[in-house]
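Only one structure is covered here, and it is reproduced in the block below.
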Amino acid sequence: MAADAHTPTPKGVLCNAGAGAAAGVIAATFVCPLDVIKTRFQVHGLPTLSNGNIKGSLIVGSLEQIFHKEGLRGMYRGLAPTVLALLPNWAVYFTMYEQLKCLLCSEDDHHQLSVGANMIAASGAGAATTIATNPLWVVKTRLQTQGMRPGVVPYRSTFSALRRIAHEEGIRGLYSGLVPALAGISHVAIQFPTYERIKLYLADRGNCLTVSSFLRTPKGKLVICFMW
Numbered sequence: 001m002a003a004d005a006h007t008p009t010p011k012g013v014l015c016n017a018g019a020g021a022a023a024g025v026i027a028a029t030f031v032c033p034l035d036v037i038k039t040r041f042q043v044h045g046l047p048t049l050s051n052g053n054i055k056g057s058l059i060v061g062s063l064e065q066i067f068h069k070e071g072l073r074g075m076y077r078g079l080a081p082t083v084l085a086l087l088p089n090w091a092v093y094f095t096m097y098e099q100l101k102c103l104l105c106s107e108d109d110h111h112q113l114s115v116g117a118n119m120i121a122a123s124g125a126g127a128a129t130t131i132a133t134n135p136l137w138v139v140k141t142r143l144q145t146q147g148m149r150p151g152v153v154p155y156r157s158t159f160s161a162l163r164r165i166a167h168e169e170g171i172r173g174l175y176s177g178l179v180p181a182l183a184g185i186s187h188v189a190i191q192f193p194t195y196e197r198i199k200l201y202l203a204d205r206g207n208c209l210t211v212s213s214f215l216r217t218p219k220g221k222l223v224i225c226f227m228w
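If you're matching positions, the sequence shown starts at 1 in the UniProt record's numbering and goes up one per residue.
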């Protein structure tokens with residue numbers, strides 16, 4: 001009976017997935033201009049600002065330059081594929097994470113996972129999510145950097161980019177960068193086991209029980225997503 005109570009219900013899985021997806025979309029919308037700058041720095045290196053007298057940080061100067069040259073649309077370039085990727089990203093992640101936790105949980109009364117089991121659940125969920133959403137992240141990166149690639153015919157939209165990459169480069173183009181992306185899931189293998197340990201620590205403290213209970217809810221996971 002206890003095991004059945006521990007098994008996540010379909011409603012609970014949907015709530016977890018929905019909360020994660022909503023949090024990811026809201027956060028991505030807020031930080032999209034910074035993500036555009038980060039991606040361009042990574043692909044093309046530090047830019048040469050047109051106005052050498054710009055005072056302040058390179059980030060502020062880059063934002064001003066993008067806004068003047070490409071407008072508000074340039075600052076939010078790549079947001080559409082980001083949103084499209086985040087919806088299945090968190091939906092797949094939290095669904096897989098909860099299911100793997102259920103499979104790996106111990107049979108004692110507390111149904112607690114070891115640190116190793118938590119790492120396996122987090123890594124497995126991260127790998128499934130990365131494989132499912134990699135084509136959209138490829139499109140996002142190319143949309144964010146296409147304004148800096150002269151001579152390249154720009155992509156018109158997210159779906160036209162997906163079709164064009166698939167036609168010109170095949171499946172290999174859609175999954176370019178998959179290996180380093182899979183290597184990058186190490187952060188969830190650290191973050192979520194740490195989250196679970198802190199949650200259990202708070203649960204063991206009588207005066208912090210309400211905090212721990214909150215972190216178990218979809219709203220609590222929403223907070224975790226904003227802290228990502």
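The beta-carbon is built from N, C-alpha and C at its ideal position, and this holds for glycine as well.
- The shortest C-alpha to C-alpha distance from methionine 96 to any of Ile198, Ser57, Tyr155, Leu14 is the one to Leu14.
- Taking 8 Å as the cut-off, the Cβ atoms of leucine 143 and glycine 78 count as close.
- Asparagine 118 is positioned such that its CB atom lies closer than 8 Å to that of proline 193.
- The region 185-203 and the region 117-134 touch, with three or more beta-carbon pairs separated by less than 8 Å.
- Fewer than three Cβ pairs drawn from the region 162-180 and the region 56-76 lie within less than 8 Å of each other, which leaves the two stretches out of contact.
- The DSSP assignment places 115-145, 158-174, 178-183 as complete runs of the alpha helix (DSSP H) inside the UniProt repeat "Solcar" (113-201), in order along the chain (cut-off: 4 residues).
- The alpha-carbon of arginine 197 is positioned some 9 Å away from that of serine 114.
- For tyrosine 97, the three-state secondary structure derived from DSSP is helix.
- Around the beta-carbon of serine 123, 16 or more other beta-carbon atoms lie within 10 Å, marking it buried.
- A residue is called buried when at least 16 other Cβ atoms come within 10 angstroms of its Cβ; lysine 101 meets this threshold and is buried.
- In the three-state reduction of the DSSP assignment, arginine 40 falls in the helix class, which pools H, G and I.
- Judged by DSSP in its simplified three-state form, arginine 73 adopts helix.
- The three-state secondary structure of leucine 87, taken from DSSP, is helix.
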